[in-house]
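Protein chains in written order, with my numbering: chain A, 14 to 306; chain B, 14 to 306.
Every residue, glycine too, gets a C-beta built ideally from N, C-alpha and C.
The block underneath contains the structure these notes are about, expressed in structure tokens.
There are 2 protein chains.
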Amino acid sequence: MSHYSTVTIIGLGLIGSSLARIIKSASLAERLILTDKNPDVLAKARTLGLGDHIEHDVSRAVEHADLVVMAVPVGAMAAVTAQIASALKDGAVITDTGSTKVSVINDMAPHVPPHAVFIPSHPIAGTEYSGPEAGFESLFKDRYWIVTPNDAPAADVDRLIGFLRGTGAIVESMDSAYHDKVLAITSHLPHLIAYTIVGTAFDLEQDLQNDVIRFSASGFRDFTRIASSDPIMWRDVFMKNSDAVLEMLQRFNEDLSYLQRAIRWQEADKLEELFTRTRDIRKRIKDAGQLDS
Amino acid sequence: MSHYSTVTIIGLGLIGSSLARIIKSASLAERLILTDKNPDVLAKARTLGLGDHIEHDVSRAVEHADLVVMAVPVGAMAAVTAQIASALKDGAVITDTGSTKVSVINDMAPHVPPHAVFIPSHPIAGTEYSGPEAGFESLFKDRYWIVTPNDAPAADVDRLIGFLRGTGAIVESMDSAYHDKVLAITSHLPHLIAYTIVGTAFDLEQDLQNDVIRFSASGFRDFTRIASSDPIMWRDVFMKNSDAVLEMLQRFNEDLSYLQRAIRWQEADKLEELFTRTRDIRKRIKDAGQLDS
């Protein structure tokens, strides 16, 4: 069912190209325009047959759009919004897909013209792959898509929510600062930790004669999946959600020091207590239907 | 092809029960005797049809064995070895499956009688599940199985290696201290980190209204898999490989502090440099054939 006449997606990475696929296959819009600052990405999108129209010029790409979806790294949101502001048509709705919400609001809102409506959003979905070839139409199915509408008109919000539900996502509304805190612990800190441990192992590689690679099936491999995620996207996330990430990192460090001390002093019971408790959380994720990607 | 007349497995968790399955399906021994200190586990093994003979008494279980495989937590190796020592027959080979090698050697060697041959080993394979139902016969296929033979007779070592290869594993010989160092970074530290971050999130749960669970698909979920591994096995690993784990933890902490500082001071280039570098290691794991479990 078509929710908008014309939708424009800016940025054709994993998220943007997945959204393009589901918009076409579920007919969520009458016309889909795609743009990206990288000509190679646009050429790939054309080869893949994504969208109805490929447009190199970002202002021209948005001028007929009823909905503009910004699927660029959070560090690029401000500049792209400034670029398209004067081309947005009356009543156009603009949303983003950024993993941080407070920073995106602070960066974008000043550039959104009064005749357009900004409704920030974030699909909680992804893989370690990036680029237009990496997208697939079921990426959002049964995953959460958060909207943080603040004071956007209810009719516009409802229409956007209907559209987002069309992707298969579970749409929920929440406060932007709360979103950033939850994502800091469920996503940003895990990524930071994974990047760190893979880096630590990398530096040991020479010393350990490639055995880190060979014996990676013993646990390490799971971290390398996360640590192969898009570097630019993640660099921006940490720059933009630094306060919440540093707060969660502080808690993590305290907990790690506690275990470190328990190992040093051979306090087996403290480890066993934690290890038994953490098993439960896996079960609850399974019960919540969020186990299989 | 049968490598031993009688094999006895002590401990029927994930490793022991998987080994039992492949021994039977690949006919790696003429007779397979199974024992476990837990009567419920033995009852399950019987129901599952594992092995040729289920024996409650551990001494009687080993008295005819040409090969004894100890698949118990590393903290239990010393006591079980002491229990079976006098029952071992002349020339019996005894191996273990422990994730730490120096401690297992220190704990077991004093109890192994002079008429038996001790050849420590460790299959680098596993899942987050435990117990006899969790085992499966392809667990060791294309995974490494390390032996640390020290001064065991070459004929006995060769025979054991032939048997272990029969499980589908890639068998390699190495020094026990080196093994413990490699495993500390590829396995033990990743598990410790995963347990920590899941614990940190768990403590925030009340505050975050179950949203850690709901939004777990954003990265956190991968850590919960590792953090649902067997608590007793892992408690023992950290108690037994504490020196190597604490050394790796020290390196990890330094690297994490470096990133923490980069986030606080908004040094985007430092993050981008690391995040770009860590992508490569995933590719190398794939090239090494260790990506899919």
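**OP:** Would you kindly work out how many angstroms separate the C-alpha atoms of E218 of chain B and L63 of chain A, rounded to a whole number?
**Re:** 40 Å
Original post:
What residues from the stretch 256-289 of chain A come within 7 Å of chain B, judged by C-beta to C-beta, listed N to C?
Top reply: Flagged, chain order: V258, L259, L262, R264, F265, D268, L269, L272, Q273, I276, R277, Q279, A281, L284, E285, L287, F288, T289.
Subject >> Nearest-angstrom Cβ-Cβ length linking M121 of chain B and A91 of chain B, presumed shorter than 8 Å >> reply: 6 Å
**OP:** With DSSP as the reference, label M83 of chain A as helix, strand or coil.
**Re:** Of the three classes helix, strand and coil, the one that applies to M83 of chain A here is strand, per DSSP.
Original post:
Any C-beta of chain A sitting closer than 7 Å to the C-beta of H135 of chain B?
Top reply: Answer no: the Cβ-Cβ gap between H135 of chain B and chain A never drops below 7 Å.
**OP:** May I ask you to verify whether the stretch 195-208 of chain B touches the stretch 171-182 of chain B, counting CB pairs closer than 8 Å and requiring at least 3?
**Re:** no
Original post:
Between the Cα of M14 of chain B and the Cα atoms of B:A33, B:F233, B:K37, which residue gives the shortest distance?
Top reply: B:K37
Original post:
What residues of chain A sit near L152 of chain B, judged by a beta carbon separation below 9 Å?
Top reply: Here the premise fails: no neighbours, minimum Cβ distance about 11 Å.
Subject >> Near-chain A residues of the stretch 194-217 of chain B - C-beta to any C-beta below 9 Å >> reply: Residues of the stretch 194-217 of chain B with a Cβ closer than 9 Å to any Cβ of chain A, in chain order: K194, V195, L196, I198, T199, S200, H201, L202, P203, H204, L205, I206, A207, Y208, T209, I210, V211, G212, T213, A214, F215, D216, L217.
Subject >> DSSP bridge partner residues for F236 of chain B (one or two, in chain order) >> reply: Beta-bridge pairing links F236 of chain B to no other residue.
**OP:** Examine chain A for any beta-carbon lying closer than 7 Å to the beta-carbon of G232 of chain B, and answer yes or no.
**Re:** yes
Original post:
L45 of chain A by DSSP, collapsed to three states: which one?
Top reply: strand
Subject >> Spatial distance of G104 of chain B from L80 of chain B (CA atoms) >> reply: Their Cα atoms are separated by approximately 9 Å.
Original post:
In whole angstroms, what is the alpha-carbon distance linking S306 of chain B and L101 of chain A?
Top reply: Since pLDDT at S306 of chain B reaches only 46, below the 50 mark, its modelled position is unreliable, and the value read off the structure follows with that caveat. The straight-line gap from Cα to Cα measures roughly 49 Å.
**OP:** Kindly provide the ranges of any beta strand (DSSP E) runs that are 3 or more residues long and lie completely inside the stretch 219-279 of chain A, ordered along the chain.
**Re:** none
Original post:
For V130 of chain B, which beta-bridge partners are listed by DSSP?
Top reply: B:V106
Original post:
Would A92 of chain B count as contacting chain A if we go by Cβ distances under 7 Å?
Top reply: no
**OP:** Sort out for me which residues DSSP pairs T19 of chain A with in a bridge.
**Re:** A:R44
Subject >> Per-residue burial, K7 of chain B [other beta carbons within 10 Å of its own, 16 or more giving buried] >> reply: Since the first residue shown for chain B is 14 and the last is 306, residue 7 of chain B is missing from the structure and cannot be characterised.
Original post:
Along chain A, in chain order, which residues have C-beta atoms closer than 9 Å to that of A138 of chain B?
Top reply: A230, S231
Subject >> Simplified DSSP assignment, three categories, for S189 of chain A >> reply: Looking at S189 of chain A - three-state DSSP - the assignment turns out to be helix.
Original post:
Any C-beta of chain A sitting closer than 7 Å to the C-beta of W247 of chain B?
Top reply: yes
Subject >> Three-way DSSP call (helix, strand, coil) for V125 of chain A in this model >> reply: coil
**OP:** Examine chain B for any beta-carbon lying closer than 7 Å to the beta-carbon of Y157 of chain A, and answer yes or no.
**Re:** yes
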